[in-house]
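The structure appears right after this line, and notes come after that.
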């Protein structure tokens with residue numbers, strides 16, 4: 033599978049946050065997400081599963097318009113989700129997070145000395161979910177589709193990050209573990225020498241909602257252990273000052289992802 037590079041370098045909220053604007057920073061790169069206040073920001077694992085599916089389909093089909101399948105249960109199976117009803121069921125959460133993701137606007141800012149670049153985009157120009165919550169096995173009267181925005185589609189097609197969907201399924205209960213996994217396999221694709229990334233920088237990238245740096249470090253290390261179990265090729269070392277990331281094999285070879 034694949035993930036959009038812009039969503040790997042900086043990521044979505046891990047849990048619900050107050051307000052309708054969120055920012056993550058990774059060095060000279062920052063990602064800001066704005067959502068309608070009546071709908072709210074996307075968060076958690078479901079938007080990440082959606083982004084992985086959308087990116088993979090776009091790369092495979094080379095099309096901006098993606099069909100989500102005949103039935104809700106069929107599409108949820110693609111995301112490795114079991115359809116369950118009720119207020120807190122997976123069907124309700126999927127539709128809620130889909131609405132949040134596709135209603136949001138994203139601003140990516142790259143700074144380089146006195147220069148900068150700003151890219152404004154939405155994930156989709158149009159999203160249509162016509163399935164019946166009460167009958168997830170039943171085909172909808174109309175096709176459920178997502179039409180990716182031109183900017184997001186071009187970002188996806190240009191330089192998608194290869195990922196192993198088995199790893200995504202194994203880590204799907206933890207948004208931070210998903211973020212660490214996609215980031216590490218992306219870094220491994222271009223890293224030439226061991227690099228120390230300070231804990232304060234990692235906190236801005238992966239856990240800006242932690243009040244204390246030590247709390248973030250504890251949470252990060254717990255999730256990193258899960259990632260190393262599924263991505264055994266990665267070479268990392270935790271120190272007092274930060275995480276040392278060493279040149280490693282990517283989880284999916286460039287030949288295998290072609």
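Residue numbers (my numbering): 33 to 290.
Even glycine gets a Cβ: it sits at the ideal position worked out from N, Cα and C.
Owing to the predicted nature of the structure, the values given are computational and were not obtained by experimental measurement.
Terminal residues of the continuous beta strand (DSSP E) containing residue i?
i	result
residue 61	61-66
residue 98	97-99
Grouping DSSP H, G and I as helix and E and B as strand, with all else coil, what is residue i?
i	result
residue 112	coil
residue 49	coil
residue 106	helix
residue 290	Confidence at residue 290 is low in this model, with a pLDDT of 40, below 50, so the placement of that residue should be treated as unreliable; the coordinate-derived value is given next. Reduced to three states, the DSSP call for residue 290 is coil.
residue 270	strand
residue 226	coil
residue 164	coil
residue 179	strand
residue 37	coil
residue 201	helix
residue 171	strand
residue 236	helix
Please report how far the alpha carbon of residue i lies from the alpha carbon of residue j, in whole angstroms.
i	j	result
residue 273	residue 230	6 Å
residue 146	residue 139	19 Å
residue 206	residue 61	24 Å
residue 290	residue 187	Legend: pLDDT at residue 290 = 40, less than 50; position of this residue unreliable, no value from coordinates given.
residue 112	residue 121	15 Å
residue 163	residue 219	39 Å
residue 202	residue 177	27 Å
residue 35	residue 55	19 Å
residue 181	residue 114	29 Å
residue 142	residue 232	19 Å
residue 33	residue 198	9 Å
Start and end of the alpha helix (DSSP H) containing residue i?
i	result
residue 182	182-190
residue 211	207-220
residue 298	This structure does not reach residue 298, given that the chain is present from 33 up to 290, and the question cannot be answered.
residue 124	122-135
residue 82	77-93
According to DSSP, which residues form a beta bridge with residue i?
i	result
residue 195	For residue 195, which the question treats as bridged, DSSP gives no partner whatsoever.
residue 70	Paired residues: none, contrary to the question.
residue 2	Residue 2 falls outside the range modelled here, since the chain spans only 33 to 290, and no answer is possible.
residue 277	227 and 268
residue 54	65
residue 158	179
Could you check if residue i belongs to the surroundings of the ligand FMN, using beta carbon to heavy atom distance under 6 Å?
i	result
residue 259	With respect to small molecules bound, the structure shown includes none, and the ligand FMN cannot be examined in it.
Check your understanding: If you pair each beta-carbon of the region 72-81 with each one of the region 220-240, do three or more pairs fall below 8 Å?
Key -> no
**Study point:** the region 128-138 contacting the region 77-89, beta-carbon criterion three pairs below 8 Å
**Key:** yes
**Study point:** Cβ contact (3+ pairs, closer than 8 Å) linking the region 155-171 and the region 87-107
**Key:** yes
Check your understanding: Are at least three pairs of beta-carbons, each pair with one atom in the region 211-224 and one in the region 253-266, less than 8 Å apart?
Key -> yes
Exercise for review: Report yes or no: do three or more beta-carbon pairs, one from the region 91-101 and one from the region 62-69, lie closer than 8 Å?
Suggested key: no
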